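S.K.: Chains as they are written, first to last, in this note's numbering: chain A, 1 to 78; chain B, 1001 to 1078; chain C, 2001 to 2234; chain D, 3001 to 3745.
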Amino acid sequence: MPKIGVNDPEGEAIRGGLQSLGYTVVERVRAGRHYRLHLSAPEADVARATAEEMAHKLLANPVIQTFVIETVIEAPEV
Amino acid sequence: MPKIGVNDPEGEAIRGGLQSLGYTVVERVRAGRHYRLHLSAPEADVARATAEEMAHKLLANPVIQTFVIETVIEAPEV
Amino acid sequence: MSSHIGVITFPGSNGDQDSFDAFALGLRAPVRMIDYRETDLSDYAAIVLPGGFSYGDHLRCGAIARFAPVMDALKAFAGAGGPVLGLCNGFQVLTEAHLLPGALLRNQSLQFHCRWIDIVVENTRTAWTHELAEGEVLNLPVAHGDGAFFADDATLDRMEQNGQIVFRYCEPDGKVTPDANFNGSARSIAGISNERGNVVGMMPHPERAADPILGNDDGLKILRSALEFLRVEV
Amino acid sequence: MTEAAAKSKIAPGAWREVALSDDEYARILDLLETREPTPVELGMFGSMWSEHCGYKHTRPILGRLPTKADWVLQGPGENAGAIDIGDGLAAVFKVESHNHPSAVEPYEGAATGVGGIVRDIFTMGARPIAILNSLRFGPLDQPRNVYLFENVVAGIGGYGNCLGIPTVGGDVFFDPSYSGNPLVNAMCIGIVKADGIVRAKASGVGNLIMLIGADTGRDGLHGATFASVDDPEASHRGVIQVGNPFLEKLLLEACLELLQTGAVVAMQDLGAAGLTSSTVEIASRGGVGAEIDVARVPRRESGMTPYEVMMSESQERMLLVVTPEAAAEVDRIVTKWSLHSAVIGTVTADGMVRVLDDGEVVAEIPAEFYTEACPTYIREATESPEIVAARNTDPRRHDDITIEQIGEILLDLLASPNIGSRRPVYEQYDHTIQTNTVVPPGVGDAAVLRIKGSRRGIASAIDCNPRYCYLDPYLGALHAVAEASRNVSCSGATPRGATNCLNFGNPQKPAGYYQLDRAVSGLADACRALDVPMVGGNVSLYNETASAPIKPNPAVGIVGVFDDVTRHATMQWSAGQELYLLGAAEPTLGGSEYLSNRLGEVSGNPPGLDLSAEARVQRATRKLIEDGLVATAHDVSLGGIAVALAKMAVVSNCGATIDKAGILQRSSRADEAWFGETASEIIVAIDPSSIDRLIKVMQESDVPYTRIGTAGGAMLTLGPITLDVSVLRAALDRALELPDITGTA
Ligand SMILES: Nc1ncnc2c1ncn2[C@@H]1O[C@H](COP(=O)(O)OP(=O)(O)O)[C@@H](O)[C@H]1O
Ligand SMILES: [Mg+2]
């Protein structure tokens, strides 16, 4: 997600598009990225820590973006 | 999110980037968009239904993308 | 130190040949291509990070290139005061690598723009501008989708105080106007430098304005500056 | 053949699912004599016998096109044509359609269209140096058309920009017949040493067949057959192809480097019908056999069947034939470019295309069954009575205009989508990369590129007026060739080769076949008269929606050559120059933009075209430019002479005073004189001191000429009407300013 204060022309354009389709209830749109990473880790916490590290290093740019991480556990394939 | 089976060059490039940083545990990356829409609705269900409609009409491209909707309730500003 | 200019080719760079040609054909300067896997830049006099779509511009422009093997050597080179110029995608790589402040966002119009624009020179004390005059207007091509410079206000103020704003978008007469700021950059910024002035990044393409038959050779003035700078330094 | 494969039964009618007719299936049974095809073979027949690969309806008529000249190095039959441009260099070029995929998913459809044509060019060993595009959409008052337009343009830019190949020219036209069936044609030009052209002919029994580039997924299954039936949305089943220009850039560099080593015997890109057509084609062109094992094909997904692997249209893949000794070197170069390669088979002597799945034979058919044995059809041709009636409707039945009206009409035309500024399109395309673009889009009639390290250059334009082709497909096709050639001549280059993309409706309908048949004859006659051989092309038929076929659009791309690129022309005049109209044709409102834009009518006979007069005026114009007398030339086309002059004034940022008399003598009617369309007319500007020499050249060339005015000032004065150049510019700029709605899927 773009940080607060960072211009988000894409979000604005989407809001404009929605408005012109009649969705005037939409007050604000922020446009960001969503990455789904599959990785195997002994437990969820480890996976989350790795993800956090990757987000800091590569996936997000702290100058302009913030991020949140969600973990979904899948049973290992047998 | 790109539909299952649809080529995802961005996801692949990110996986490549993570691999070269040593994150070899990451098996797969899918790259998609995340839009945060603020709208006022009498209840969450209505908001969700509107969002669903908007996703179908504008936000997602059904030919190559799938989407999920999450609702977060905020107290109305007073 | 040899007298070669080096142009780094990342996977997906596509302005590398143009940069090479501008030095080789436009200035008859010795220039070599550098593979992104090289780890030693001690043999070069100046380094150019060319335009293009390194790693497909995926994630964010320049974000993956920042971790290319050559980047550690580049940091060392810049740290030692070597002249570094990032053009378009190269500028994006330099910001992602924190060799330059700020970030480059999607153009305000959300569209790619290819056109000739004017920029005004604001700081002539960098390695890449000291052959130029303050207030001089250059007419150069731009071609990018993600060129809106962003930094928070405190950073921008600091950069202005330090003289780190090198170029701004302007009208043909040099006036900086909102209309001339076609991509929506903060304070019309088209190019910046680090505090020391040896690392410069810019969105316009001086290497594409290197032969009068293509319009003009304004860009050569920028590239020539580094050669002069080195002559003075050495 | 394993027993299992040989015994698998083809369900009755299954051939129809791969778009083969009952007769065609019967023919396959005849060819195979003793057995039915396996499912994989049936799929391969379906693809190879599709219009896209097999040219069933067009092969017989395409033979009419002239394809030879001393300077032609490669005519039709390879991945692209090639002409000699001097200094030991060749220009390799071709245009191709991606209409159906773009109708379904405009961004990716257009992007992968660019990817495909670029691969065709570097498959020939040439470095791509320019892209052009020709686009057709329905009117922009419908959100779906806006969506298609915006995303097609973004897709072309997205792919070409990333590759670092400048998109330097093109053509956009709007007409209701393209609502729901847009046309997306992309052309690519490459440069290679004339003796370095690579052909896609496998040879050397025992040589290895390698696949490099992207992994194979279920992309665009049956795209080739899907491009050959009506209503793509209904028939489409695989997943949409998503292009990866970053990978294509690596593939391009890797392939060009591989060709330098001499290790590569043949190279063939994977386009429509993927591995099927590439394997069949290298074998059949080389007169050899090929055996490949699908189990060795790197996959993006698990669980793919041999059928799916053979039909997949995953992008950014290339098939190589290499000697066994060279395999290691190939691997080294491919790895250097961060790609991987797989040996998937070998060249054989038996002429068979044999497909194995982990050693088991799943298809085994002589290559020529897929190619030479493909049936061809000559269909019944009857012109649609509706079109005959439209052509026979005389536009002169409308009242003429008064000369006072021309200002208002002109502004209206300038702001119309077919005439207005294309800047919103070409600004999204990187047209300055590679630093060769001497005349960028919007400045001249053709794009001009220099060849680095040489005095030479090339020019290129792509054109077609679908309204003319609708009213009279033969004449319309003459115009397409003449206009593209004229645009190239107006830049100063000598047209040397042409490529075309035949965008038509259903050839199985008599009215559709009539258009195709007549248009191809028109292309052939015009190419012959103007001395531009047709060195390649592509066919896209079945462009129909439920209600109607498209207006036929045989897009023609032409490449011309400069011996000295510094002697070129643009549309820009300067103050004090005299303006001359070269050529003298009869302007007509038939099929004109004026008639369509102002009166909503497509009727009458399109402008007549005298091919020898056309050749003369083009030759004379080139001579003026070559001799350095003229650096300003622009032809009269859509919107007539008033529009041509207005565009020149705007591009020049300089007005002109036009004498009414010179214009009005063109016709007894004011509307025809100012807005009527013609062929074979070119406006030039010249310094007063050179006028005598211009007149001499015109006399020697037997070309009529008329002095029509003088350039200068901030106003364009057309007889009694005076318009500010900035007002003209504002009108042009308004044309493609999109309504403030985002188009929707
Ligand atoms: N799809 C396109 N892509 C790139 N350039 C285009 C496209 N369409 C038109 N152009 C460019 O815009 C300019 C004007 O086009 P057009 O109006 O067709 O010119 P003309 O009437 O002289 O043939 C030309 O330079 C042409 O190459
Ligand atoms: Mg045109």
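Heads up, the beta-carbon is just placed ideally off N, CA and C, and yes, glycines get one too.
What you are looking at is a predicted structure, and each value in this text was computed from that prediction instead of being measured.
Quick one: list the residues of chain A neighbouring Glu-1027 (chain B), beta-carbon separation under 9 Å, in chain order.
M.R.: Here the neighbours are Leu-37, His-38, Leu-39, Ser-40.
S.K.: Taking the straight line between their C-alpha atoms, what separation do you get for Glu-2171 (chain C) and Leu-2104 (chain C)?
M.R.: 22 Å
S.K.: Rounded to the nearest angstrom, what separates Arg-2158 (chain C) and Cys-3255 (chain D) at their Cα positions?
M.R.: Roughly 48 Å separates the two Cα atoms.
S.K.: Within a Cβ cutoff of 8 Å, which residues of the same chain sit near Ile-73 (chain A), ignoring the five residues on either side of it in sequence?
M.R.: Ala-44
S.K.: Could you give the C-beta distance for Pro-2141 (chain C) and Thr-3432 (chain D), rounded to a whole number, given that I count them as a contact under 8 Å?
M.R.: 4 Å
S.K.: Beta-carbon within less than 7 Å of Asp-3400 (chain D)'s beta-carbon, same chain only, minus the 5 sequence neighbours each way: which residues are those?
M.R.: Arg-3669, Ala-3670, Asp-3671
S.K.: Provide the residue(s) that pair with Thr-3167 (chain D) in DSSP beta bridges, ordered along the chain.
M.R.: D:Ile-3131
S.K.: Using 10 angstroms around the beta-carbon of Asp-2218 (chain C), count the other beta-carbons present and answer buried if the total reaches 16, otherwise exposed.
M.R.: buried
S.K.: Identify whether Asp-2146 (chain C) lies in helix, strand or coil by the three-state DSSP scheme.
M.R.: Asp-2146 (chain C): coil per DSSP, three-state reduction.
S.K.: Going along chain B, which residues have a C-beta under 9 Å from Arg-30 (chain A)?
M.R.: What Arg-30 (chain A) touches in chain B, judged by beta-carbon distance under 9 Å, is His-1034, Tyr-1035, Arg-1036, Leu-1037, His-1038, going in chain order.
S.K.: For Gln-3618 (chain D), which residues in chain C fall below 7 Å Cβ to Cβ?
M.R.: Near Gln-3618 (chain D) there are no residues of chain C at all, since even the closest Cβ is about 24 Å away, more than 7 Å.
S.K.: Flag this pair as touching only if the stretch 3382-3392 of chain D and the stretch 3700-3719 of chain D have three or more C-beta atom pairs under 8 Å; answer yes or no.
M.R.: no
S.K.: Could you spell out where the alpha helix (DSSP H) holding Thr-3472 (chain D) opens and where it closes?
M.R.: Contrary to the premise, residue 3472 (chain D) reads as Asp rather than Thr in this sequence. Per DSSP, Asp-3472 (chain D) lies in no alpha helix (DSSP H) segment and is marked neither H nor E.
S.K.: Residues of chain D with a CB under 9 Å from the CB of Gly-1005 (chain B): which are they?
M.R.: Gly-3217, Arg-3218, Asp-3219, Gly-3238, Val-3239, Arg-3300, Glu-3301
S.K.: Nearest by alpha-carbon distance to Arg-3198 (chain D): which of D:Leu-3250, D:Val-3334, D:Arg-3456, D:Met-3267 is it?
M.R.: Sequence check: residue 3198 (chain D) is Val here, not Arg. Comparing Cα-Cα distances from Val-3198 (chain D) to each of D:Leu-3250, D:Val-3334, D:Arg-3456, D:Met-3267, the minimum goes to D:Met-3267.
S.K.: Would Leu-3247 (chain D) pass as an interface residue toward chain B - the criterion being a Cβ-Cβ separation below 8 Å?
M.R.: So, interface residue.
S.K.: Give me the Cβ distance between Ala-1041 (chain B) and Val-29 (chain A), rounded to the nearest whole Å; I'm assuming they're in contact under 8 Å.
M.R.: Wrong, their Cβ atoms sit about 15 Å apart, outside the cutoff.
S.K.: What residue range is occupied by the uninterrupted alpha helix (DSSP H) comprising Val-3425 (chain D)?
M.R.: 3423-3426
S.K.: Please list, in chain order, the residues of the stretch 2144-2172 of chain C that have any C-beta partner in chain B closer than 9 Å.
M.R.: none
S.K.: Determine the closest residue to Gly-2147 (chain C) out of C:Ala-2097, C:Arg-2037, C:Arg-2060, C:Ile-2064, with distance taken between C-alpha atoms.
M.R.: Of the candidates C:Ala-2097, C:Arg-2037, C:Arg-2060, C:Ile-2064, the one whose C-alpha sits nearest the C-alpha of Gly-2147 (chain C) is C:Arg-2060.
S.K.: With respect to the beta strand (DSSP E) encompassing Phe-67 (chain A), which residues constitute its N-terminal and C-terminal limits?
M.R.: Per DSSP, Phe-67 (chain A) is not a residue of any beta strand (DSSP E), being assigned neither H nor E.
S.K.: Taking its Cβ as the centre, do 16 or more other Cβ atoms sit within 10 Å of Leu-3546 (chain D), making it buried, or is it exposed?
M.R.: It is Ala, not Leu, that sits at residue 3546 (chain D) in the sequence shown. Burial is judged here by how many other beta carbons sit within 10 angstroms of a residue's own beta carbon; Ala-3546 (chain D) has fewer than 16 and is exposed.
S.K.: With 8 Å set as the bound, which would you pick, yes or no: does the beta-carbon of Ala-2063 (chain C) sit closer than that to a beta-carbon of chain A?
M.R.: yes
S.K.: So Ile-1014 (chain B) contacts chain A; which residues on that side make the cut at Cβ distance below 7 Å?
M.R.: Tyr-35
S.K.: Report the residues of the stretch 3554-3578 of chain D with a CB closer than 9 Å to any CB of chain C, ordered along the chain.
M.R.: Only those residues of the stretch 3554-3578 of chain D whose C-beta falls short of 9 Å from the nearest C-beta of chain C are listed: Val-3565, Thr-3566.
S.K.: Strictly below 7 Å CB to CB, what residues from chain C border Gly-3157 (chain D)?
M.R.: Phe-2112, listed in chain order.
S.K.: Which residues mark the beginning and the end of the alpha helix (DSSP H) in which Ile-3282 (chain D) is found?
M.R.: Counting along the chain, Ile-3282 (chain D) sits inside the alpha helix (DSSP H) bounded by residues 3274-3286.
S.K.: At a Cβ threshold of 8 Å, is Pro-1009 (chain B) touching chain C?
M.R.: For Pro-1009 (chain B), the answer is yes, since a Cβ of chain C falls inside 8 Å of its Cβ.
S.K.: Where do the N-terminal and C-terminal ends of the alpha helix (DSSP H) with Cys-3255 (chain D) fall, by residue?
M.R.: Counting along the chain, the alpha helix (DSSP H) containing Cys-3255 (chain D) begins and ends at 3245-3261.
S.K.: At the level of alpha carbons, what is the spacing between Ser-2185 (chain C) and Leu-21 (chain A)?
M.R.: The straight-line gap from Cα to Cα measures roughly 30 Å.
S.K.: Which residue from B:Pro-1062, B:Leu-1018, B:Glu-1027, B:Leu-1039 puts its Cα closest to that of Arg-15 (chain A)?
M.R.: Of the candidates B:Pro-1062, B:Leu-1018, B:Glu-1027, B:Leu-1039, the one whose C-alpha sits nearest the C-alpha of Arg-15 (chain A) is B:Leu-1039.
S.K.: Measure the alpha-carbon distance for Gly-3522 (chain D) versus Met-3698 (chain D) and round it to whole angstroms.
M.R.: In a straight line, the C-alpha of Gly-3522 (chain D) is about 28 Å away from that of Met-3698 (chain D).
S.K.: At a Cβ threshold of 8 Å, is Tyr-1958 (chain C) touching chain B?
M.R.: Outside the displayed span of chain C (2001 to 2234) sits residue 1958 (chain C), for which this structure offers no information.
S.K.: Cα-Cα, which of D:Ile-3282, D:Ser-3134, D:Pro-3495, D:Gln-3241 is closest to Val-3205 (chain D)?
M.R.: Shortest Cα-Cα distance from Val-3205 (chain D) to any of D:Ile-3282, D:Ser-3134, D:Pro-3495, D:Gln-3241 involves D:Ile-3282.
S.K.: Helix, strand or coil, according to DSSP, for Glu-2136 (chain C) in the structure here?
M.R.: coil
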